[in-house]
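Its first residue numbered 9, the sequence shown is counted upward by one per residue in the working numbering. Only one structure is covered here, and it is reproduced in the block below.
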Amino acid sequence: MSFKRTVIGSFPSVLPRLGIEDAIKWAVNLQLKHGVEVVTDGEQRGSLIDYFEQIPGLGRRNGKPAIIERIKPLEDPTQFTKIVDCKRVFSYLRALGRGDVGVKVTITGPITLGFTYAMGGIGPYSGVLDKTLYLDLVNALIPIIETAAKMGCYIQVDEPGLTGRFLHTAMAEEILSELFKEIHVDKEVTIHVCGSLRDVPGLYDMLLRLDLEVLSLAFSGEREKTNFEIISKRSLEDYGKKLGAGFISNVKVESVETASRRLRRIAEKVGVENIAFVHPDCGFRETSPNIVEEILATMKKASEEFIKSLQ
Numbered sequence: 009m010s011f012k013r014t015v016i017g018s019f020p021s022v023l024p025r026l027g028i029e030d031a032i033k034w035a036v037n038l039q040l041k042h043g044v045e046v047v048t049d050g051e052q053r054g055s056l057i058d059y060f061e062q063i064p065g066l067g068r069r070n071g072k073p074a075i076i077e078r079i080k081p082l083e084d085p086t087q088f089t090k091i092v093d094c095k096r097v098f099s100y101l102r103a104l105g106r107g108d109v110g111v112k113v114t115i116t117g118p119i120t121l122g123f124t125y126a127m128g129g130i131g132p133y134s135g136v137l138d139k140t141l142y143l144d145l146v147n148a149l150i151p152i153i154e155t156a157a158k159m160g161c162y163i164q165v166d167e168p169g170l171t172g173r174f175l176h177t178a179m180a181e182e183i184l185s186e187l188f189k190e191i192h193v194d195k196e197v198t199i200h201v202c203g204s205l206r207d208v209p210g211l212y213d214m215l216l217r218l219d220l221e222v223l224s225l226a227f228s229g230e231r232e233k234t235n236f237e238i239i240s241k242r243s244l245e246d247y248g249k250k251l252g253a254g255f256i257s258n259v260k261v262e263s264v265e266t267a268s269r270r271l272r273r274i275a276e277k278v279g280v281e282n283i284a285f286v287h288p289d290c291g292f293r294e295t296s297p298n299i300v301e302e303i304l305a306t307m308k309k310a311s312e313e314f315i316k317s318l319q
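As C-alpha cells, this is what we get:
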C-alpha cells in the first residue's frame with residue numbers, strides 16, 4: 009500500500025514528569041506500538057508557537073509572544089530545539105534497530121507564526137499586514153527546514169492561520185510561494201491546514217498552486233466534513249498533489265468501522281493512489297494520554313481493515 013501512517017505532531021506533554029529524553033522516547037514508543045510509520049518527537053517542549061521564540065527577533069512581552077526586533081535567521085540552525093530533538097528521535101530509532109521508520113519535523117508556517125507574534129507587538133514592522141515581517145520569517149525558517157531535510161526528515165509546515173483568515177488568501181499565497189520555492193528536499197513536503205477550507209473562498213485552489221507535494225487536511229469534525237465537498241481526484245492530479253488524509257478524530261475515540269468507512273469515502277473521492285499519508289485530524293496536545301493511545305490503536309486497525317477491503 010502506498011500510503012503511510014503518521015501523526016500531525018504534538019502529543020500530551022510528559023516533560024515535567026520524565027525529562028526531555030524520556031518524554032521523547034515515550035512519544036516515539038507510543039507511535040511505534042501502534043504502527044505509525046512516520047513518527048514525530050511529540051513536541052514535548054511547548055506549543056507550535058513557543059518553539060520558535062528561539063528565532064532572533066521573536067520573544068515575549070507581558071508574557072505573550074511578541075516581535076521584539078527585526079526577525080533574522082539563526083546563526084546555527086543545528087542548535088534549533090526542534091532539530092536537536094529530531095536528532096534524539098533518530099538516535100533512539102537506531103538504538104531500537106528501527107531504521108525503517110521515518111521521522112517528520114513539523115514547522116509552524118510564516119503566516120501563523122508572524123501574525124501570532126505580531127499580535128503581541130510588531131517590533132520594527134509597520135503592522136500585522138507588513139509583508140516584510142512574513143518574508144523575514146520565511147528567510148528565518150528556510151535554514152531550519154534545510155537542516156532537517158539534510159538529516160533525512162519529512163517536512164510538514166503547519167498553517168492553521170490560513171483557515172483562521174489571518175491574512176488575505178492572495179497575500180498568503182505570495183508569502184508561502186516564497187517559502188516553498190526555496191525548499192529543495194528528497195522526501196515529500198506537506199502543508200497541514202486544519203479546519204474547513206470551504207470557509208475561505210479560493211483557499212483550496214491556492215494550496216494546489218504551491219510548490220509542494222502533499223496537502224494534509226482534516227475530515228472528521230463537523231466543520232471539517234465540508235472538505236469532502238472541496239477535494240477531487242482531478243484537482244490533485246492536475247497539480248501533481250497527494251493528500252494527507254485526516255480520517256480519524258484527534259480528540260475522541262471513534263469505532264474502527266466509522267474511521268475505516270471515512271477513509272474509504274476519502275479514497276473513493278480522490279483515488280487511493282493519491283493518498284500519501286493517513287493520520288488523525290490534528291495534533292494531540294490537548295488530548296489525554298489514554299485517549300491518544302486508543303485513537304492510535306483505532307487508526308491502525310481502521311487503516312488495516314481498509315487495506316484488506318481493497319484486496
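Virtual Cβ for every residue (Gly too), placed ideally from N, Cα, C. None of the values given here were measured: they were computed from a predicted structure.
Here Ala-275 is buried. Its C-beta has 16 or more other C-beta atoms within 10 Å.
Straight across, the Cα-Cα distance linking Gly-50 with Glu-29 is about 11 Å.
Taking the C-beta atoms as reference points, His-200 is found no nearer than 8 Å to Ile-57. Residue state for Gln-164 is assigned as strand, using DSSP reduced to three classes.
DSSP, reduced to helix, strand and coil, places Arg-106 outside both helices and strands of the structure shown, so it counts as coil. Less than 8 Å separates the beta-carbon of Lys-12 from that of Val-46. At a Cβ-Cβ threshold of 8 Å, Gly-254 and Ser-228 count as neighbours. For Glu-230, the number of other beta carbons within 10 angstroms of its own is below 16, and it is reported as exposed. Taking all protein chains in view, the Cβ of Val-92 is surrounded by fewer than 16 other Cβ atoms within 10 Å, so the residue is classified as exposed. For Val-300, DSSP assigns no beta-bridge partner whatsoever.
When only Cα atoms are considered, Ala-226 and Pro-24 end up about 30 Å apart. Three or more Cβ pairs drawn from the segment 238-245 and the segment 277-285 lie within less than 8 Å of each other, which places the two stretches in contact.
Closest by C-alpha distance to Leu-145, out of Leu-184, Leu-318 and Pro-297, is Leu-184.
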